[in-house]
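Asker: Using the working numbering, the first residue of the sequence shown is number 9, and each one after it goes up by one.
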Amino acid sequence: MATIERAEVLITSPGRNFVTLRITTSDGATGLGDATLNGRELAVASYLRDHLAPLLIGRDPARIEDTWQYLYKGAYWRRGPVTMTAIAAVDVALWDIKGKVAGLPVYQLLGGRSRDGVLVYCHASGASTDELLDDVAAYAEKGFKAVRAQAAVPGLSGSYGVRKGTIYEPAATALPDEQAWSTEEYLDFAPGYLGKVRERFGFGIHLLHDVHHRLTPIEAARFGKSVEDLRLFWMEDPTPAENQEAFRLIRQHTTTPIATGEVLTSIWDVQQLITEQLIDYVRTTVVHAGGITHLRRIFDLAALYQVRTGSHGATDLSPVTTAAAVAVDISVPNFGIQEHMGHTPATYEVFHGAPRLEGGMLHPSEAPGLGITYDDEAAARFPYEPRYLPVARRLDGSVHDW
Ligand code: GCO
Ligand code: MG
Numbered sequence: 009m010a011t012i013e014r015a016e017v018l019i020t021s022p023g024r025n026f027v028t029l030r031i032t033t034s035d036g037a038t039g040l041g042d043a044t045l046n047g048r049e050l051a052v053a054s055y056l057r058d059h060l061a062p063l064l065i066g067r068d069p070a071r072i073e074d075t076w077q078y079l080y081k082g083a084y085w086r087r088g089p090v091t092m093t094a095i096a097a098v099d100v101a102l103w104d105i106k107g108k109v110a111g112l113p114v115y116q117l118l119g120g121r122s123r124d125g126v127l128v129y130c131h132a133s134g135a136s137t138d139e140l141l142d143d144v145a146a147y148a149e150k151g152f153k154a155v156r157a158q159a160a161v162p163g164l165s166g167s168y169g170v171r172k173g174t175i176y177e178p179a180a181t182a183l184p185d186e187q188a189w190s191t192e193e194y195l196d197f198a199p200g201y202l203g204k205v206r207e208r209f210g211f212g213i214h215l216l217h218d219v220h221h222r223l224t225p226i227e228a229a230r231f232g233k234s235v236e237d238l239r240l241f242w243m244e245d246p247t248p249a250e251n252q253e254a255f256r257l258i259r260q261h262t263t264t265p266i267a268t269g270e271v272l273t274s275i276w277d278v279q280q281l282i283t284e285q286l287i288d289y290v291r292t293t294v295v296h297a298g299g300i301t302h303l304r305r306i307f308d309l310a311a312l313y314q315v316r317t318g319s320h321g322a323t324d325l326s327p328v329t330t331a332a333a334v335a336v337d338i339s340v341p342n343f344g345i346q347e348h349m350g351h352t353p354a355t356y357e358v359f360h361g362a363p364r365l366e367g368g369m370l371h372p373s374e375a376p377g378l379g380i381t382y383d384d385e386a387a388a389r390f391p392y393e394p395r396y397l398p399v400a401r402r403l404d405g406s407v408h409d410w
């Protein structure tokens with residue numbers, strides 16, 4: 009029997025920080041797991057290096073479920089982003105190894121294809137409505153079938169979701185940037201630019217929008233109602249989702265579909281949302297929700313309640329997560345859509361073998377495992393840099409949800 013011989017924590021910053029776990033077995037097989045928690049990277053690195061790596065050495069790499077239970081129940085302390093991201097990294101690395109040992113891509117181990125490709129949505133944005141419309145046009149031209157649209161609210165510095173360079177990167181400063189927020193101005197402005205997108209592009213393209221946790225339930229209900237005729241694919245994170253009951257109120261008022269879950273890390277955090285059918289899409293993802301093993305458990309529960317998947321896929325999730333997400337997406341029956349922002353060229357210098365993007369869909373690699381390799385030499389050229397996500401303040405100076 010092969011055993012786990014090494015568990016290395018690799019940190020690199022090719023444009024942004026990534027933490028990666030690499031597990032090596034006594035047979036020489038290696039597996040990669042993403043362990044990136046944007047703005048809190050080193051906490052997960054320490055959890056892995058100081059607390060999980062010593063427990064992995066000598067274990068059977070084939071026992072994925074048992075290792076998951078051992079790390080989760082063995083911690084005694086439950087859930088939470090740091091723990092669940094660390095467990096996810098181990099889990100994904102072990103699936104990668106299992107695929108390599110079997111000579112099969114991971115999606116084959118998960119039951120094989122349920123569909124030909126994975127529908128993705130990209131991020132269009134603009135400092136003005138006109139800029140946003142041009143950006144949507146550029147993405148449509150590239151073949152994307154689903155677009156998330158965000159425009160800067162006039163007069164508010166640093167509106168969420170508006171790209172400055174080629175790729176949206178909110179964790180851009182060595183200390184948290186402070187951005188302004190006004191619910192009134194947002195609610196007055198956002199439905200208008202979403203309407204303009206529909207006017208120009210019609211209903212032949214899926215249109216998404218991220219509220220980014222900023223509204224109260226009744227404000228979210230009003231927003232959802234005001235854009236009903238635009239038939240959004242979804243409104244994302246209308247309220248901070250730790251209050252699962254809040255979604256009941258939103259639901260009572262609007263048929264605009266709701267997606268949430270990118271900051272939630274376990275099946276228990278989305279249980280009520282799913283079993284009471286308070287959402288339409290669950291956005292939990294492999295890297296922050298305990299890996300492939302746990303994410304599939306969430307998605308299976310969701311399938312019973314006609315909730316579909318819509319996993320998070322921002323630039324702060326590494327290409328290892330993209331590959332793992334695509335393996336899950338292509339195989340589960342209740343797939344909805346996958347977020348895909350892509351990465352900087354520097355990121356792809358470190359991570360080789362990312363899923364192929366074609367016709368607005370991602371296609372998994374046919375290489376055994378997840379198909380991603382990590383280039384140590386390239387990684388060494390990009391040392392870790394402290395980076396924080398911004399903080400939002402209302403116009404009176406008080407802290408708001410960012
Ligand atoms: C999204 C997300 C991201 C997050 C980011 C935080 O829907 O893509 O909301 O943009 O803000 O992942 O690290
Ligand atoms: Mg989001």
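All residues carry an ideal CB built from backbone N, CA and C; glycine is no exception.
1. Give the DSSP-derived three-state secondary structure of residue 243 in the structure shown.
2. If you run the structure through DSSP and keep just helix, strand and coil, what is residue 400?
3. What residue range is occupied by the uninterrupted beta strand (DSSP E) comprising residue 206?
4. Drop a sphere of 10 angstroms on the beta-carbon of residue 276, count the other beta-carbons inside from all chains shown, and report buried for 16 or more, exposed for fewer.
5. Mark residue 222 as exposed unless 16 or more other C-beta atoms lie within 10 angstroms of its C-beta, in which case mark it buried.
6. Cβ-heavy atom distance between residue 291 and ligand 2 below 8 angstroms?
7. Quick check on DSSP: helix, strand or coil for residue 237?
8. So, under 8 angstroms CB-CB, residue 343 and residue 123 are touching, yes? Tell me the CB distance rounded to an integer number of Å.
9. Look at residue 427 and residue 334 and say whether their C-beta atoms are less than 9 angstroms apart.
10. Do you know offhand how far residue 69's Cα is from residue 161's?
11. Which runs of the alpha helix (DSSP H) at least 4 residues long sit entirely within the stretch 90-152? Give them in chain order.
12. My parser needs the alpha helix (DSSP H) runs of 4 or more residues fully inside the stretch 292-351; what are they?
13. Could you work out which residue in 325, 399, 284 is closest to residue 351 when comparing CA atoms only?
14. At which residue ranges does the stretch 244-269 contain complete alpha helix (DSSP H) runs of 4 or more residues, listed in the order of the chain?
15. With burial defined as no fewer than 16 other Cβ atoms inside 10 Å of the residue's Cβ, what is the status of residue 251: buried or exposed?
16. Kindly indicate which three-state DSSP category residue 382 falls into: helix, strand or coil?
17. Would you check if the distance between the CB atom of residue 402 and the CB atom of residue 224 is smaller than 9 angstroms?
18. Helix, strand or coil, according to DSSP, for residue 389 in the structure here?
19. Taking only the alpha-carbon atoms, compute the straight-line gap between residue 357 and residue 385 and give it to the nearest angstrom.
20. Going by the beta-carbon positions, is the gap between residue 175 and residue 377 smaller than 9 angstroms?
Answerer: On the basis of the data shown:
1. Start at 1 with the first residue of the sequence shown, and residue 243 comes out as number 235. Reduced to three states, the DSSP call for residue 243 is strand.
2. Here residue 400 refers to the residue found at position 392 when the sequence shown is read from its first residue. Strand.
3. In the sequence shown, the residue the question calls residue 206 occupies position 198. Note, residue 206: premise wrong, no beta strand (DSSP E); alpha helix (DSSP H) at 191-209.
4. Translated into positions along the sequence shown, residue 276 becomes position 268. With fewer than 16 other Cβ atoms within 10 Å, it is exposed.
5. Position 214 of the sequence shown holds residue 222. Residue 222 is buried by the Cβ-count criterion.
6. For the purposes of this step, residue 291 is taken as residue 283 along the sequence shown, with counting starting at 1. Under cutoff, so the answer is yes.
7. Position 229 of the sequence shown holds residue 237. Residue 237 falls in the helix class under three-state DSSP.
8. Start at 1 with the first residue of the sequence shown, and residue 343 comes out as number 335. Start at 1 with the first residue of the sequence shown, and residue 123 comes out as number 115. About 7 angstroms separates the two Cβ atoms, so the contact holds.
9. Residue 427 falls outside the range modelled here, since the chain spans only 9 to 410, and no answer is possible.
10. Locating residue 69 in the sequence shown gives position 61, counting from the first residue. Locating residue 161 in the sequence shown gives position 153, counting from the first residue. Cα-Cα distance, rounded: 50 angstroms.
11. 114-117, 137-149
12. 299-312, 327-339
13. Here residue 351 refers to the residue found at position 343 when the sequence shown is read from its first residue. If we check each option's Cα against that of residue 351, 325 comes out closest.
14. 254-261
15. Counting from 1 along the sequence shown, the entry for residue 251 is found at position 243. Under this definition residue 251 is an exposed residue.
16. If you number the sequence shown from 1, residue 382 lands on position 374. Residue 382 falls in the strand class under three-state DSSP.
17. For the purposes of this step, residue 402 is identified with residue 394 of the sequence shown, where counting begins at 1. For the purposes of this step, residue 224 is identified with residue 216 of the sequence shown, where counting begins at 1. In this structure, residue 224 does not lie closer than 9 angstroms to residue 402 by Cβ.
18. Mapped onto the sequence shown, residue 389 falls at position 381. If DSSP states are grouped into helix, strand and coil, residue 389 belongs with coil.
19. Counted from its first residue, the sequence shown places residue 357 at position 349. Counted from its first residue, the sequence shown places residue 385 at position 377. The alpha-carbon atoms of residue 357 and residue 385 are separated by roughly 10 angstroms.
20. In the sequence shown, the residue the question calls residue 175 occupies position 167. In the sequence shown, the residue the question calls residue 377 occupies position 369. The answer is no: Cβ separation not under 9 angstroms.
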